[in-house]
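Following: one structure in structure tokens, then a few remarks.
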Amino acid sequence: MLGEGAGDAAARETLLDRAMGPKRRKKSSEKLRRGRRPSEGLAFVARDPSGAVVGTVRLWDVRLGEGGPSALLLGPLAVEPGLKSGGIGSALMRHATAEAARLGHGAILLVGDAPYYGRFGFSADRTGALAMPGPYERHRLLALELKEGALDGATGTIKPAGRKIKGQAPGFVA
1 MLGEGAGDAA
11 ARETLLDRAM
21 GPKRRKKSSE
31 KLRRGRRPSE
41 GLAFVARDPS
51 GAVVGTVRLW
61 DVRLGEGGPS
71 ALLLGPLAVE
81 PGLKSGGIGS
91 ALMRHATAEA
101 ARLGHGAILL
111 VGDAPYYGRF
121 GFSADRTGAL
131 AMPGPYERHR
141 LLALELKEGA
151 LDGATGTIKP
161 AGRKIKGQAP
171 GFVA
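Heads up: the sequence shown is residues 1 to 174, going by this note's numbering.
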């Protein structure tokens, strides 16, 4: 896994379009990412032997409710469709969660399939009092505490936080 570089943007966006389709920009998670930069040091790519981007994952700074604790939102996680089930997504997940923990973050949230993300420690056990901004399936809002108690008392709608993109057109996601 490598830190995402400035030159990876076009390849990442093309990969996300192939892996997730055009509706990916309409998801509730996208509202939390729009106009923001990923959390410092938490954007990663996987490359094939030729150097092409074949996997991507990013984590974003969010706030849990009005004035609530900070956390990270993971996503999107994507792997080149022809390479799925090859361990790239799992390697990206392990790397991203380990780096987030190393950097001192308390919790990671995501919207995804519990059977897949459960193996990395994510569950809906601590997300019942939280909500996404916009439509989502409640059972798919999952969390992983990196520090015990990081989600204690977390309630309300998840809000964007972190670094804004300067000089970008509205709706652009770096």
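Glycine included, C-beta positions come from ideal geometry on N, C-alpha and C.
Model, not experiment: these values are computed from the prediction.
Environment of residue i [buried if 16+ CB atoms lie within 10 Å]
| i | result |
| --- | --- |
| A6 | exposed |
| P38 | buried |
| E4 | buried |
| R12 | buried |
| R94 | exposed |
| R138 | exposed |
Nearest candidate by alpha-carbon position, reference residue i, set the options
| i | options | result |
| --- | --- | --- |
| R163 | S50, V62, L2 and A52 | V62 |
| P160 | L42, V79 and W60 | W60 |
| A101 | A46, G41, G128 and R126 | G41 |
| L16 | F120, K166, L77 and G104 | L77 |
| S29 | V79, L72, V45 and P115 | L72 |
| D152 | K27, L130, R33 and E99 | L130 |
| T127 | G134, F120 and A107 | A107 |
| G65 | G149, G121 and M132 | M132 |
| I88 | F44, L109 and G35 | F44 |
Residue i (DSSP reduced to helix, strand or coil)
| i | result |
| --- | --- |
| L64 | strand |
| A154 | coil |
| A91 | helix |
| L160 | As written in the sequence, residue 160 is Pro, which differs from the Leu given in the question. Reduced to three states, the DSSP call for P160 is strand. |
| E216 | Lying outside 1 to 174, the shown extent of the chain, residue 216 is not represented and no answer is given. |
| G5 | coil |
Nearest-angstrom beta carbon gap, residue j and residue i [assumed within contact, 8 Å]
| i | j | result |
| --- | --- | --- |
| V54 | E80 | 4 Å |
### Query
Can you give, in chain order, each stretch of the beta strand (DSSP E) that sits fully within the segment 29 to 56 and has at least 3 residues?
43 to 47
### Query
Which whole runs of the alpha helix (DSSP H) in the segment 104 to 153 are 4 residues long or more, in chain order?
114 to 117
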